[in-house]
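J.: Before I ask anything, here is the structure I am working with.
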Amino acid sequence: MDQKISGMETQINGFEKKVNGLEKKMDERFNKVESDIANLDKRLTNVESGLERVENKIVGIKDDLAFLTDRYNDKSREIDRKFWELKKQNDSKKQ
């Protein structure tokens, strides 16, 4: 009977060692996953920051484009006006 109990205790000790080993592996994996999540979170923050900079540049480009379009339209109207003035002057000189 004592031998049987001793054998069972040996088995229990073996199981406890296996369980402890598995717990250790699970803790290591959990810590690795937490570390990976933290790294991904940092990378996501960097990507978001980069996107904000790109968005700001796009807004700046749109503003520049609007300004240049307005200038182009103003110059175009001025050129048209001068053209018609010169044409009118030229026509009146011919008469």
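Mind the numbering: the sequence shown is residues 1 to 95 in UniProt numbering, read in order.
Ideal placement from N, C-alpha and C gives every residue a C-beta, glycine not left out.
If you draw a straight line from the C-alpha of Ile12 to the C-alpha of Gly21, how long is it?
T.: Those two C-alpha atoms are separated by around 14 Å.
J.: Using the three-state DSSP reduction, which class does Met8 fall into: helix, strand or coil?
T.: Helix.
J.: To the nearest angstrom, how far is it from the Cα of Asp64 to the Cα of Ser49?
T.: Distance between the alpha carbons of Asp64 and Ser49 is about 23 Å.
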